[in-house]
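One structure below.
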Amino acid sequence: MRRRNVLLRLALVASVGLALAACGGSGGNGATGNGGADGKITVGGYNYKTLDPGGTGYISKSVPISLDIYGSLFDPPESKDGDFVPDLATGYKYGDDLKTLTIDLRQGVTFSDGTPFDAEAVVYNFERYKSAESPNAQYFKQMSSVTASGEHQVTMTFSEPTATMIAFLTYTPATLIGSPTAHKKIGQQQFGLKPVGAGPFEIVSHKPGEELVLKPFEKYWDRSNVHLAEVKYINTSPEAQVSYQHVASGSIDSVQVSGVSTPPNVLDDAKANQEIATIAGENTLYAFLPINTYKPPFNRPEARQAINYCTDRDSIAKNVQRGWVTPAYVLAGADSLYYPDGGVDGAKAQFPYPFDPAKGKALVDQLGGLEFSLLNIGGHSQVISNALAQQWQQCGIRAQVKAVQGPQLSEAYSDGTYQMAYAFSGGINDPQFYTSFQSPSTPQGKHGFAREHPEVPELIQSANQTLDAAVRQTTWRKVWSTMNDLGVDIPIISGPNYTFQSKCLADVDFAAVGAQFRSARLTC
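Residues -21 to -1, 1 to 503, numbered by mature numbering (1 follows the signal peptide of the UniProt record, and there is no 0), are exactly what the sequence shown covers, in order.
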């Protein structure tokens, strides 16, 4: 197997060399093992009820864990201009009209129940995922049919040109192929508790929302590159400070936090702690302000322009987040595909509303004042929301900051009772995955701007119907410039996910969707 370059997309924030040299043979930070040959690790952040991507209740945050069980059809490209990398699938070919896709599968592979991983198994999963009750249905909307065109070959047909399917079969739950035999035998509910895949690990035990224990699948096609004897996921607090303390104390070996929603003092403490490693992924997360353009005050473009002129993104990034994030001037992180030339500085130079409180105040005066509510999900989002509201005060803008629960915010998007919110998106470097606020057909987007400005969803659709990277880049940059001109879904900051982990843990794969442990090992 080609080993994925696990350091390609990440950087160590704190040096690990001296600590690795000083590690003892018994393992540290909760890890057990003898140099990685039979090591066991504990990973925090597990709170998932089901691991069946075809059943209700499955959420995308569990994809990294699921990949260790199911494996993946394709792995992410090793560079921005690279192709998708074979895994359980070995190749693919789109038809000239982009209405067909042929996928070749790896031969000699079995699921952990001993049944064959073949074309019929993939067809079974794709057809199940297309059903209305599956959260995966969104990735198969354009699929008209799927057939086994050979024992190890699958052919998909689409209702319209579709250039996005391989990306879906790399980054999303659509790539997770389970054993049809096991699914039929134990039923969907039990399959969600103990799914059977063809990945590097299989389930030993599972307490939904509490604990998941995995062991190596001995007949995994690339078994020689699986080094850990056990991976245990446990439920830990979502609070970043608590997550950090778990790793620092040695009770767990690894946990991931979001750079755009983690208090900077936690990241500062982790960086200063020479007993652990702090690892930054790609800058692909971003925080932004979704706006309801169908009700006052943001049905008026002057109100949206005033917010833009009065927002000092540099100050939020530097003074509130202490440099752990970067200012955002498009709805993407700085490491995302198609990002403007020149990086953050280039995006800033092209942004139509530079920080200019005088211009913002003039617009507020023209409006006769500007007052609204700003919703957020609490925690550090409340801190940043308050910092924004304080900035806006210099322009005479009055924002009432209000923390709500996640379901309440989702309901506000759907029924249109919000005026502005502070929200997060991103995580994968391809912006096509984060368009719900730009689509009038989604709960998040139906009270946004897209109904009045269909050119944006039309541009996104056209980008998804070509394999030409240059055309996609031009189209996405036009999407962002159009949205910026309209002053909608206002970008604020962007940054990476950060992982706190034991310095004895090496070769963790951080490719795109989160930490995976199929090639991880303990070094001490």
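Each residue gets a CB set at the ideal place from its N, CA and C atoms; glycine is no exception.
query	result
N-terminal and C-terminal residue of the alpha helix (DSSP H) that residue 528 is part of	This structure gives no information on residue 528, because the portion of the chain shown stretches from -21 to 503.
Three CB pairs or more closer than 8 Å across the region 422 to 433 and the region 327 to 344	no
Residue range of the beta strand (DSSP E) that includes R377	376 to 382
Range covered by the beta strand (DSSP E) that runs through N355	349 to 355
Own chain residues within Cβ distance below 6 Å of E181, not counting five before or after	S91, F196
Length-filtered (4 minimum) alpha helix (DSSP H) runs lying within the region 275 to 331	280 to 288, 322 to 329
G171 (DSSP reduced to helix, strand or coil)	helix
Rounded separation between Q300 and T241 - CA only	8 Å
Between the CA atoms of F496 and D486 - distance to the nearest angstrom	8 Å
When Q372, A400, V458 are compared against Q411, the one with the closest alpha-carbon	V458
Nearest candidate by alpha-carbon position, reference S230, set I20, M462, N476	I20
CB contact flag (K338, G375, <7 Å)	no
Proximity below 7 Å, CB of T89 to CB of K186	no
Outcome for P275 when other beta-carbon atoms lying within 10 angstroms are tallied against a minimum of 16	exposed
Buried or exposed (CB count within 10 angstroms, at least 16 for buried), P319	buried
Inter-residue CB distance, A100 and Y108 (contact presumed, cutoff 8 Å)	In fact, because the Cβ distance is near 13 Å, the residues do not count as touching under 8 Å.
CA-to-CA distance, S158 to Q169, given in whole angstroms	13 Å
As assigned by DSSP and simplified to three states, the class of R85	coil
Contacts around P280, its chain only, beta-carbon distance under 8 Å, and the 5 residues preceding and following it disregarded	L465, G466
Limits of the beta strand (DSSP E) - the one that Y265 falls within	264 to 268
DSSP beta-bridge partners of R500	A485
Buried or exposed (CB count within 10 angstroms, at least 16 for buried), T257	buried
Three-way DSSP call (helix, strand, coil) for A494 in this model	coil
Assigned secondary structure, Q121 (DSSP; H/G/I helix, E/B strand, else coil)	coil
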